[in-house]
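Residue numbers for the sequence shown follow the working numbering, so the first one is 1 and each next one is one higher. Down below is the structure, laid out as structure tokens.
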Amino acid sequence: VKAGVLEFEAFEEETGEKEIVLVVLSEFLEAILGDYRSVAPIVDPETGEVILDSEKKINKNDCEKILKAGILKLKLLDTQQQAINDARKQENIRRGDELVEALMFLPSLNVKKLLTESEYRRLNMLADVIRERLGENPDELWQAEMGASAVRRLLEQVDLKAEAEYLKDEIINSRGAKRAKNIKRLSVIRSFLRSGNKPEWMVLDVLPVIPPELRPMVQLEGGRFAASDLNDLYRRVINRNNRLKRLIEIKAPESIIRNEKRMLQEAVDALIDNGRRGKAVTGTNNRPIKSLSDLLKGKQGRFRQNLLGKRVDYSGRSVIVVGPELKLHQCGLPKIMALEFFKPFVLKKLVDKGYAPQIKNAKTLVEQMDSRVWDVLDEVLTGKPVLLNRAPTLHRLGIQAFEPVLIEGKAIQIHPLVCTAFNADFDGDQMAVHLPLSLPAQAEARILMLSANNILLPADGKPVVGPTQDMILGLHYITLMNDDDEDTYYKYVSGILKNKEVKIRDLRMFSDEDELKLAYALEEVGLQELVRVRVKRGTVMYPGDNKVHTIPNGILVTTLGRVLFNEVFPPDTPFYNKTIIKEDISEIISMLHKEHGVSETVDVLDRIKTLGFHYAMIAGVTIGMDDLLVPEEKWEMIEKAEKQVDQFKVEFDREAAKIVKKFQDEEIRDAKIRELENDRRTNTIKHWTEISSQITDLMMDNFNRFNPVFMMAHSGARGKVSQIKQLAALRGLMADPTGRIIEIPIKSNFREGLSVLEYFISTHGARKGLADTALRTADSGYLTRRLVDVAQDVMIVEDDCGTEDYVELSATMEGRKVIQTLPERILGRVAAENMIDEETGEMIITSGKLIDETAVQKIAQMDVDKVKVRSVLSCESRNGVCRLCYGRDLGTGRLVEVGTPIGIIAAQSIGEPGTQLTMRTFHTGGIAGHGQEDITQGLPKVELLFELFEARYHKEGAVVAPISGRIKIHEDPFLLTIRPNVGSKAKEVTFTAETFQGKKIIVLDGDKIKKGEPLTGGLINPREILKLSGVRKTAQFLVDEVQSIYKGQGVNTNDKHIEIIVRQMLKFLRVLDPGDSDFLEGDLVETYRFEDKCTELEKQKMKIPKAEHILLGISKASLYSESFLSAASFQETTKVLTNAAIEGKVDYLRGLKENVIIGRLVPIGTGRNDFRYFVPMVDTDEDTIPEIPEPVEINPVDYDDEELIGPPRGSR
């Protein structure tokens, strides 16, 4: 072989017959075919014919021709070798090109430029050449790195102050997206400057490892270990780090090291927040591994699972049963449960009393349940309250304190009157018991949490403790009177109310109440029989009249039942001479609470309970089929209604035929027919609704007052008229799954039984009801959580903020209907001005005084429709609200105390009734109401008002008038113009048809309209009102809207609770122009911080910033909270903590959540600092005050070392 040319010659070989054969190694030729080419053309020596051109590949045929021609020498070229030579040439050329490109690329290099893989390779090539040929160091020309090390080096070079100055100038000169980006950068840089953090610290070169207790290894049965996911993640980081170290030591190729670095970065990413970048690292069975971030966030994270709620010792749970003989402040605690609870105390007492020489023996006594143990347990129990809790704890009355009474059995007994507060019933509910251990905890439980001290509902100030069901029925039964006495009695009452002498038939006369009772015992007189009797009381109240009258000569026309009922009340209350229903009882309890205080009320309640249960039993009320009386005229009325509905159909067909003839255009024709169909449907539904209410009225008139079904509903004990209607009249109209009302009513009732079709129509509604309830519970719980979060740091911080601001309250109206009267709205508020009765000149209330019931009655008699009161919306206190702006604490009926957590109370008061709100009201379909207003109702509407989802307003929003004036509508082309009022500087506004697409216009030509009022149906966006009418109007709008939903569902929640939430939504300003302040454009700043800054700059005669009020949804407002601990435990945990770290935020622990998280007492009520350091003074002759003795604890060292006592096992 010479330079890639292969020369070969044929050689001779003798065969056996001495014949010489020329052999060309055909195998060789065949093997190299295609890889070789002829150097020169191959010519047949005899014929001169060219067998093969040069540069041509040899094939099989050519081989044969060559052999035939007897050519013995060949020169062939090795094509593979040539390819290699060519490639080398090409490579050199390419390298040359790349080096040239790299040289050309050098001037365009600038700092922070991202290089592609190929660009980086070229530069490296150039570096090698510079090093080898020129002997220079290329690092002086450029340096490029990959990954975190590069980022870190860049961050080290940032001069924060210079960058901040540069960005300030840039912001002034830039617009749009660039400006927004610069503002964001500047805010981050300022955070670093303020906090003293250095940017390069954001890149970690040391990883902290959390303690092993927080990532435990648990031994499973079978000797295997289950390790925490974190251990895996840490192990991956360590392994990759070590491998990288080794690779660097052995000087592995760059590409391998780069890959390893990439893997190390991925391992660290997975450890910190798995799944944030790229695909999540998975463990066994494809489950994503839990990283450090996952440990913190969500319901199962550290914050919500372990810091905001913990499992505690000294707790247990059991099923509850009713304990009718208990007093209101008592609960029945099973003996075995109590023994386990108080075990350490019992053991100590047994040793102290000498029943056992040491703890070991005392334990044996307890285990054997020796009779002495029970006596000791009784002693230990005295004066120690326990807490009972029923989940879900929707408001503060879900946990109350009781005095335990030992009972046999295993079920906890609770007093029937506290069931309403716990929302408990006895169909298998369970309750948890907790034991307050320390003396302060016991004192708080006894004074603040005892059930007898929690009679009023904090949401509306009405009694929450009161007789229900059987008790109401018993009281109603004994205060009824016989049918034949009814006329006589009402004749007598009307005479008294008109101050006339009325002759009534002779009634039996009794000298006093005892004689009447004796006659009853001898069966001489009935419970409900009308009699004359001399009573001990001096005043009386009659049905249908709220005034108190004196009793002439002390003789009253009444029944024995009413005498018995009135005996339970204190002697100075009036005699209630009427049939009692649930509402009456509630009013009586309210009155007792105000006039007689807690202890008297509690006694009365217990007496009412006993009386009610006793006479419910005597009445023996039960229901059977015969009590459900179906009106005889029912089917006749239904027949008439059916004819009327058929008539609607006939009219529809007739009108539709006319339309088809009249209009050629298909679209117009369809629209007109659709409108007609809607009318027919609406009329049908309306007609059936009227008929079913007429049949219901007939049915109710049919009932005797002693009919058990009627008594239950009428007295308010159980059931409503609508339920009786379904039992004894007709089921009426039902809704289909979408909420549209089905036109065919269910004409049967349950007593008659439903037909198959009716049964099927019913299933929709019934199933939807159950599904809705399940969904509603979850939604309502989530709403409560967000409300608590936004308001948790609002509390009463001082007596008076000294503001002269106020809000004006008037009655709430919906159309012509009064939803809330003025007296209802101002009760429990503080007056913001003196009120004088103009007729008498009497001072009704002075400014700064609480408006109580007496003042409200006087104001109601005056002719006023507006009253100025203090409100949380106008309060100027920092970090909370003052006492006067809040007014009455509805849970106690007195002016609120400093330290009351009004934010939490507000959130609970709005959230707790959330489950009662309907998910969606059934909309009648077609054109009921105007446009879209009936789509969003109930809970979703409340959520929308508090969260302000922009997308929803965009879709279903109403068009709002931007100015006040008069409407002018032009039909063709359609234009709606608002002409401003005379003297107004506003310009005329015109809307075209596009604005109103898909919306129903609710104003008419010539109507007067005020700024901010809607022109179409749909949802009014509160942000629009804020823009047009300001903060106060927006707040009032939100309060009224939320109230109208709650009131519509029969839920009473006081305005001030909603005001507190709205105040939190409105507490931020958005900076428009920072002036000389250190705010940035677009910053959200709390109002008081902004005002402070303005005052400070004004003093220094500098330019003050400008800002606008904004309205935030409750979730947003919570995340902008001052406290990062509170925000992190709410939502977006990792984001909140990252930002807090960059800003070097300080949490001043002002709210409740932050203190719970770090394990301190919450700064409210008895946990406030000014309250906690209160030391009682002791009268003594000595100079020094003796130290307060520590609460006695059992010290385990005093006993046998093996027998250390601990708390009983907590309930898991």
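Note that the Cβ used here is the ideal one computed from N, Cα and C, for glycine as well. This structure is a prediction, so every number in the text was calculated from the model and none was measured.
Candidates Ile-1009, Lys-658, Ser-599: closest to Ile-967 by CA position: Ile-1009
With 16 other Cβ atoms within 10 Å as the buried cut-off, status of Gly-383: exposed
For His-415, three-class secondary structure by DSSP: coil
Cutoff 7 Å; reference Arg-243; Cβ partners in own chain excluding five residues on either side: Glu-260
Element boundaries [alpha helix (DSSP H), containing Lys-363]: 359 to 368
Per DSSP, cross-strand counterpart(s) of Ile-796: Val-881
For Pro-1074, the first and last residue of its enclosing alpha helix (DSSP H): Here Pro-1074 belongs to no alpha helix (DSSP H), and DSSP marks it neither H nor E.
Leu-244 - containing alpha helix (DSSP H), residue span: 229 to 249
Span separating the alpha-carbon of Leu-757 from that of Pro-708: 31 Å
Those residues which DSSP pairs with Thr-539 across a bridge: Thr-550
Simplified DSSP state of Phe-342, which is helix, strand or coil: coil
N- and C-terminal bounds of the beta strand (DSSP E) containing Gln-1064: No beta strand (DSSP E) holds Gln-1064; the alpha helix (DSSP H) holding it covers 1055 to 1065.
Assigned secondary structure, Gly-1050 (DSSP; H/G/I helix, E/B strand, else coil): coil
Integer-rounded CB distance, given that Lys-1011 should sit under 8 Å from Pro-940: Wrong, their Cβ atoms sit about 28 Å apart, outside the cutoff.
Run of the alpha helix (DSSP H) containing Lys-643, from where it starts to where it stops: 634 to 662
Alpha-carbon spacing of Thr-573 relative to Lys-609, whole angstroms: 18 Å
Closest Cα partner of Leu-1112 within the set Thr-1034, Gly-893, Ser-38: Thr-1034
Proximity of Ile-1271 and Val-898 at Cβ, strictly below 7 Å: As displayed, the chain neither begins before 1 nor continues past 1212, which places residue 1271 out of reach and without an answer.
Cβ-based burial, Lys-1093 [other Cβ within 10 Å; buried from 16]: buried
Sequence-distant residues of the same chain with beta carbon closer than 7 Å to Ile-1188, five excluded per side: Residue placement at Ile-1188 is poorly supported in this model, since its pLDDT is 48, which falls under 50; the coordinates are not used for a value here.
Inter-stretch contact at 8 Å, needing at least 3 Cβ pairs: the segment 545 to 553 / the segment 513 to 526: no
Buried versus exposed, by CB contacts within 10 Å (16 or more), Trp-635: exposed
Reference Glu-46; option with closest CA among Gly-914, Lys-65, Asn-85: Lys-65
Contacts around Ala-1214, its chain only, beta-carbon distance under 8 Å, and the 5 residues preceding and following it disregarded: Because the chain spans 1 through 1212 in this model, residue 1214 falls outside it and cannot be assessed.
C-alpha distance - Ala-40 paired with Leu-52, whole-angstrom precision: 9 Å
8 Å contact criterion, which Val-896 and Asp-889 should meet: CB distance rounded: 4 Å
Sheet register partners of Asn-389 (DSSP bridge): Ile-399, Ala-432
Validate contact between the segment 985 to 993 and the segment 1021 to 1033 using beta carbons, cut 8 Å, 3 pairs: no
Reduced DSSP category for Pro-1213 - H, G, I as helix; E, B as strand; rest coil: Shown here, the chain extends from 1 to 1212; a query on residue 1213 therefore has no answer.
Sequence-distant residues of its chain with Cβ nearer than 6 Å to Gln-1064 (five each side left out): Val-790, Ala-791, Ala-1117
Option in Arg-680, His-415, Pro-404 with minimal Cα separation from Pro-334: Pro-404
Residues sharing a beta bridge with Ile-1009, DSSP: Gly-965
Within-7 Å CB hit, Asn-704 to chain C: In the structure shown, chain C does not exist; there is a single protein chain.
Contact check, Leu-308 vs Val-1156, beta carbons under 7 Å: yes
Same chain, Cβ closer than 8 Å to Ala-530, neighbours up to 5 away in sequence not counted: Per the sequence shown, residue 530 should be read as Leu rather than Ala. Contacts found: Met-481, Asn-482, Asp-485, Thr-488, Tyr-489, Leu-507, Val-557, Thr-558, Thr-559.
Residue range of the beta strand (DSSP E) that includes Ile-51: 50 to 52
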